[in-house]
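Student: The sequence shown begins at 1 in full-length UniProt numbering and counts up by one.
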Amino acid sequence: MIKLEELISEITQWIDESVHQSLSVNDVAARSGYSKWHLQRVFFRVKGVNLVAYIRDKKLSLAARDLIASRDKILDIGFRYGFDSQQSFTRSFSKKYNVPPKAYRRLYTEKHF
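1. DSSP three-state label for P100, please.
2. Hey, how far is the Cα of I15 from the Cα of L4?
3. CA-CA distance, E6 and R105?
4. Going by alpha carbons, who is nearest to Q21 out of K102, G82, Y108 and L39?
5. Identify whether S70 lies in helix, strand or coil by the three-state DSSP scheme.
6. Below 7 Å CB to CB, which residues in the same chain sit around S32 once its five sequence neighbours on both sides are set aside?
7. What are the start and end residues of the alpha helix (DSSP H) that includes H20?
8. Please work out which residues of its chain come closer than 8 Å, Cβ to Cβ, to K47, disregarding the five sequence neighbours upstream and downstream, and give them in chain order.
If you want it as structure tokens, here you go:
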């Protein structure tokens, strides 16, 4: 039987590779072969963060990188990481980084270019 740490390691690797897709807890649970309730408990126990937060933070971190490294439209970057509207992307991004995506891009591209 696979150890829980190995399972979570495999799941996080799959999430990291699939981050451009629309991922839900149900998708991850189906991939793992466990119920979503059990998977979420185990994920939190092993990683110290809940599964939904892990997925969201991974997507937002990559979106932040893309805001700096590309000139893609903010809406396109949000869609790339599975956000269904600019409003939901901006709300989630602002909550994590304390500034909206447009201000983040302006702030960090001025420092790097």
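Even for Gly, the Cβ is constructed at its ideal location relative to N, Cα and C.
Tutor: Result, derived from the coordinates:
1. coil
2. 16 Å
3. 37 Å
4. G82
5. coil
6. L7, I11 and L39
7. Counting along the chain, H20 falls outside any alpha helix (DSSP H), and DSSP gives it neither H nor E.
8. I8, T12 and Y54
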